[in-house]
Amino acid sequence: MKRIITAFLFFVLILPVCKAQGTSPEDRYKSFQTYKKEYLKKQIGLTDKEAAHFFPLYDEMQLKKYRLNRQVRSEARRIAHSKTPVSEKEYAASAEALSLLPLKEAQIEREYFIRFRGILSPRKLFLYRRAENSFAKAMLQHRDQGKQKK
1 MKRIITAFLF
11 FVLILPVCKA
21 QGTSPEDRYK
31 SFQTYKKEYL
41 KKQIGLTDKE
51 AAHFFPLYDE
61 MQLKKYRLNR
71 QVRSEARRIA
81 HSKTPVSEKE
91 YAASAEALSL
101 LPLKEAQIER
111 EYFIRFRGIL
121 SPRKLFLYRR
131 AENSFAKAML
141 QHRDQGKQKK
């Protein structure tokens, strides 16, 4: 549940960071991805060579998690907004999928954590986890700085 809340905050809080007039959603997303990668690279202390090996795997992991979330949540939205009666079986299946979502995300993260071992030292693996956890906090601070300038 903590990861879901963090992911939600992550996307909600990044909108002001990526907000730019006249840019497409794809451009804002790319800008956000660049910002996050620079943040992680700095916090972990990645060399250019490590970053070149780490970030393609990282992007792959993020995409898997995104697709999983999108699939489960779209089914939950479909059920929640259904104009036709929903069976108990459908409710049960959706509730089960939602309850398993954090576990499946953790399994994906574990799979890639093992793969990251071939790229990063134990110290940098530790710093990676810390950087991931501190990113939402950094987004809050960045957003608050933007509000003070106005």
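Our numbering applies: residue 1 is where the sequence shown begins, and numbers increase by one.
Note that the Cβ used here is the ideal one computed from N, Cα and C, for glycine as well.
Between Leu120 and the set Phe135, Gln107 and Ala52, the nearest pair of CA atoms involves Ala52. Per the coordinates, the alpha-carbon of His81 lies some 28 Å from the alpha-carbon of Tyr29. Inter-residue distance for Arg73 and Glu105 is about 13 Å (C-alpha atoms, whole angstroms). Annotation note: the segment 42 to 105 contains the following uninterrupted alpha helix (DSSP H) runs of length 4 or greater, listed N- to C-terminal: 48 to 80. Straight across, the Cα-Cα distance linking Leu98 with Asn69 is about 9 Å.
Counting only the Cα atoms, Lys89 lies some 37 Å from Leu57. Distance from the CA of Asp144 to the CA of Arg77, rounded to the nearest whole angstrom, comes to 32 Å.
Taking Tyr39 as the centre and dropping the five residues before and after it, the same chain places the C-beta of Ala131, Phe135 and Ala138 closer than 8 Å to its C-beta, in chain order. When the Cα atoms are used, Ile44 and Lys36 turn out to be separated by approximately 12 Å. Considering only Met61, Arg129, Tyr91 and Phe55, the residue with the shortest C-alpha distance to Ile108 is Met61. In this model, Glu96 and Phe113 are separated by some 26 Å (Cα to Cα). For Pro85 and Leu63, the gap between their C-alpha atoms comes out near 33 Å. Between the C-alpha atoms of Lys124 and His142 there is a straight-line separation of about 24 Å. Distance check between Arg117 and each of Gln33, Tyr66, Asp59 and Glu50 places Glu50 closest, using alpha-carbon atoms only. Residues of the same chain with a CB within less than 6 Å of the CB of Leu127, apart from the 5 flanking positions on each side, are Ile44 in chain order. Of the candidates Ala93, Lys65 and Ser87, Lys65 places its Cα closest to the Cα of Arg110.
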